[in-house]
Amino acid sequence: ETGVTQTPRHLVMGMTNKKSLKCEQHLGHNAMYWYKQSAKKPLELMFVYNFKEQTENNSVPSRFSPECPNSSHLFLHLHTLQPEDSALYLCASSQESRVGYGYTFGSGTRLTVV
Amino acid sequence: GIQVEQSPPDLILQEGANSTLRCNFSDSVNNLQWFHQNPWGQLINLFYIPSGTKQNGRLSATTVATERYSLLYISSSQTTDSGVYFCAGFGNEKLTFGTGTRLTIIP
Chain A
13 ETGVTQTPRH LVMGMTNKKS LKCEQHLGHN AMYWYKQSAK KPLELMFVYN FKEQTENNSV
73 PSRFSPECPN SSHLFLHLHT LQPEDSALYL CASSQESRVG YGYTFGSGTR LTVV
Chain B
89 GIQVEQSPPD LILQEGANST LRCNFSDSVN NLQWFHQNPW GQLINLFYIP SGTKQNGRLS
149 ATTVATERYS LLYISSSQTT DSGVYFCAGF GNEKLTFGTG TRLTIIP
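Chains as they are written, first to last, in our numbering: chain A, 13 to 126; chain B, 89 to 195.
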C-alpha cells in the first residue's frame, strides 16, 4: 500500500446503475485528484481538489460527480455511464495542488460498464 | 500547450540487458517526474528530476531542462522491472503524463 487506498478494486456496472468510487489518504496531504486511464491513452486528469475546494474540472461529463467531504476522502459518484467510460480510475494526493511534485497514487478501481 | 512525449512505445528485452527510455517535453512543463506502473495498476514515483541526474540502485534518470528532454536508464534488467514507465511534467497547475513506454523483460 502506498498510503492512498481506493475501493473497490474492481467494479462492473450496468448503464442505468449508480455507484461510487472511494479514495482515502492519511498522508496529511491537502490535494486530491481523480485520473482516468483508458487503454492506449495517457492518464487524463479529471478533477482536482485543493483544501476541499474543487479547483479543476477537466471538461468531465456530468455523469461523473466528485465529492470531497474533507482533505482525507474523495469520492467519484457514477450514474448512467456509457461503455466507453470503462477504464482504470486512479486517485492521487499531494501536499497541495500548486506544488508540482510529491504525488502518491492509489492502486485504482478498474471499472467495466456493460 | 503542454506536451509530453515518450519513446519507444514498446520495448522487449532479455533479463540482464540495459535500457534507455526517453521523454521530450514542451516549454510550459516543469518538475519532470518518472513513474512505474506495475501489472496490477499501481503507479509508483521513481524520480522527481526537474534537472540533473539522480540514481537509485539500478535506475537512474537525467533531465536536460534546457533541451527539454529526460532519460530513464535501467541497468541489468529484471523481470520485476516489467510494466509501463511514464514521465510526467507539471504545467498550468496540472500534472500531465506521456503515453508511456511498455517494458517487457523476458527471463
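Glycine included, every Cβ here is placed at the ideal spot set by N, Cα and C.
Legend entry - chain A contacts made by the region 173-187 of chain B, where a contact means CB separation under 9 Å: Identification of residues in the region 173-187 of chain B having a C-beta nearer than 9 Å to some C-beta of chain A yields 174, 176, 177, 178, 179, 181, 182, 183, 184, 185, 186, 187, given in sequence order.
Inset, instruction - Check the DSSP bridge columns for residue 182/B and list the partner residues they point to. - result: Note: residue 182/B sits in a beta bridge opposite 179/B.
Inset, instruction - Establish whether the CB of residue 36/A and some CB of chain B are separated by less than 8 Å. - result: Not closer than 8 Å to any Cβ of chain B, the Cβ of residue 36/A fails to qualify, so no.
Legend entry - C-beta atoms of residue 97/B and residue 184/B nearer than 8 Å: The Cβ atoms of residue 97/B and residue 184/B lie no closer than 8 Å to each other.
Legend entry - Three-state secondary structure assigned by DSSP to residue 103/B: Reduced to three states, the DSSP call for residue 103/B is coil.
Legend entry - Where the region 15-39 of chain A meets chain B: residues whose CB sits under 8 Å from a CB there: For the region 15-39 of chain A, no residue has a beta-carbon sitting nearer than 8 Å to a beta-carbon of chain B.
Inset, instruction - Identify the continuous beta strand (DSSP E) that holds residue 118/B and give its terminal residues. - result: Element bounds for residue 118/B: 118-125.
Legend entry - Three or more C-beta pairs below 8 Å linking the region 122-131 of chain B and the region 166-184 of chain B: Verdict: yes, contact present.
Legend entry - Backbone secondary structure at residue 95/A - three-state DSSP: The DSSP-derived three-state label of residue 95/A is helix.
Inset, instruction - Compute the Euclidean distance between the alpha carbons of residue 59/A and residue 82/A, then round it to the nearest angstrom. - result: Distance between the alpha carbons of residue 59/A and residue 82/A: 15 Å.
Inset, instruction - List the residues of chain A that residue 198/B touches, going by C-beta distances under 8 Å, in chain order. - result: The first residue shown for chain B is 89 and the last is 195, placing residue 198/B beyond what the model contains.
Inset, instruction - Give the range of the beta strand (DSSP E) segment to which residue 34/A is assigned. - result: Its beta strand (DSSP E) spans residues 30-37.
Inset, instruction - Going by CA-CA distance only, name the one from 95/A, 101/A, 84/A, 121/A that's closest to residue 29/A. - result: When only C-alpha atoms are compared, the closest one is 95/A.
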